[in-house]
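The structure appears below as structure tokens.
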Amino acid sequence: MGAAAGFVGLVVVVAVVVLLLSLSVRMVQQYQRGIVFRFGRVLDRIREPGLHLIVPIADRMVRVSMQTTVIGVPAQGAITRDNVTLTVDAVVYYRVVDPVKALVNVRDYPSAVLQVAQTALRSVIGKADLDTVLGDRDKVNAELKTVIDAPTEKPWGLLIERVEVKDVSLPEGMKRSMSRQAEAERERRARVIAADGEFQASRRLADASRAMADTPGAYQLRLLQTVVDVAAEKNSTLVMPFPVELLRFFDEVARGAREPAATEPAVPVVPGDGHRREGHR
6 MGAAAGFVGL VVVVAVVVLL LSLSVRMVQQ YQRGIVFRFG RVLDRIREPG
56 LHLIVPIADR MVRVSMQTTV IGVPAQGAIT RDNVTLTVDA VVYYRVVDPV
106 KALVNVRDYP SAVLQVAQTA LRSVIGKADL DTVLGDRDKV NAELKTVIDA
156 PTEKPWGLLI ERVEVKDVSL PEGMKRSMSR QAEAERERRA RVIAADGEFQ
206 ASRRLADASR AMADTPGAYQ LRLLQTVVDV AAEKNSTLVM PFPVELLRFF
256 DEVARGAREP AATEPAVPVV PGDGHRREGH R
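One rule links them: number in this note's numbering = place in the sequence shown (from 1) + 5.
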């Protein structure tokens with residue numbers, strides 16, 4: 006009888022010890038920090054990763070994740086400084102740097118960060134013009150980070166690591182206007198490039214004409230080269246310009262042939278005689 010009572014007592018003691026251990030042992034993961042509340046008041050020491058003992062019933066431990074959290078800001082309608090209606094959404098990256106402030110000073114800090122991000126997004130977009138929102142995203146992102154980080158870092162113990170504007174939706178009329186503007190800009194660049202090419206080509210042609218003027222035979226060589234290039238196309242009809250210099254060349258050759266004939270004496274002809282007699286020189 007006494008042995009049975011002693012065994013039952015031992016079992017009860019073991020059960021009580023196991024219950025106390027289950028109530029007092031807490032494990033904190035590597036990416037977490039433990040905050041202990043004793044009778045509702047926060048203890049100064051923050052529990053690092055590992056196994057920790059707390060006082061049952063009197064203590065309560067809350068684990069806070071120190072990992073970087075990503076939240077998506079829903080699309081917000083905003084009007085830019087130049088009165089253009091946009092729909093903008095963003096992404097916010099933040100993490101807890103002071104777990105005590107994150108638990109004590111703000112309730113449901115992920116939802117609070119989301120609300121601050123939505124308000125800041127509309128405010129920043131309203132201060133910027135359309136060209137800045139579309140072309141200078143880094144400036145907009147930096148300003149968003151500053152605006153969101155101001156009310157969250159010191160009071161709430163949160164650090165806004167990064168804010169990025171994800172998408173900007175424009176009205177259809179604005180898209181068509183920007184498309185026409187881009188087409189006009191491209192056409193202007195094409196005309197400027199073509200005019201610059203014509204100017205450079207004219208300067209090269211002027212240099213070539215001066216070089217060919219110093220060498221008259223270069224015109225004939227250029228003409229023959231042009232004929233060869235045209236003949237390679239296998240055309241049935243070849244229209245070839247005839248340069249004035251070549252006509253002058255032929256005129257000079259013909260004039261040189263007539264001058265020796267003009268210096269020879271004429272042969273006298275005797276009337277009644279059907280044959281010519283050669284005169285004596």
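Just so you know, even glycine gets a beta-carbon here, dropped at the ideal spot from N, CA and C. The model shown is predicted, which means the values in this text are computed figures rather than measured ones.
Check your understanding: Residues bridged to V93 by DSSP?
Key -> Answer is Q81, V173, bridged to V93.
Review point. Can you tell me where the beta strand (DSSP E) with I40 in it begins and where it stops?
Key: Unbroken beta strand (DSSP E) run through I40: 37-43.
Check your understanding: Pick from Y98, E53, V41: whose alpha carbon is nearest that of T74?
Key -> For T74, the nearest C-alpha among the options comes from Y98.
Practice item. Tell me the start and end of each unbroken alpha helix (DSSP H) in the stretch 121-202 that is at least 4 residues and wholly inside, in chain order. Key: Complete alpha helix (DSSP H) runs here, min 4: 135-140, 142-154.
**Study point:** Contact check, R127 vs Q72, beta carbons under 8 Å
**Key:** In this structure, Q72 does not lie closer than 8 Å to R127 by Cβ.
Exercise for review: List the DSSP bridge partners of V30.
Suggested key: V30 pairs with L58.
Check your understanding: What whole-angstrom Cβ distance do E148 and V173 have, given they're in contact under 8 Å?
Key -> With 8 Å as the limit, E148 and V173 do not qualify as a contact, their Cβ atoms being about 15 Å apart.
Check your understanding: Between the C-alpha atoms of V22 and N146, what's the straight-line distance to the nearest angstrom?
Key -> Between V22 and N146, the C-alpha separation is close to 56 Å.
Point to revise | A122 versus A199: straight-line alpha-carbon distance, rounded | key: Rounded to whole angstroms, A122 to A199 spans 49 Å at the Cα level.
Review point. If you draw a straight line from the alpha carbon of V67 to that of V18, how long is it in whole angstroms?
Key: Spanning the two alpha carbons is a distance of roughly 29 Å.
Exercise for review: Compute the beta-carbon to beta-carbon distance between V152 and A95, rounded to the nearest angstrom, for a pair I have assumed lies under 8 Å.
Suggested key: With a Cβ gap of about 12 Å, V152 and A95 do not count as contacting.
Point to revise | Opening and closing residue of the beta strand (DSSP E) in which V69 lies | key: Annotation: the continuous beta strand (DSSP E) that includes V69 extends over 64-70.
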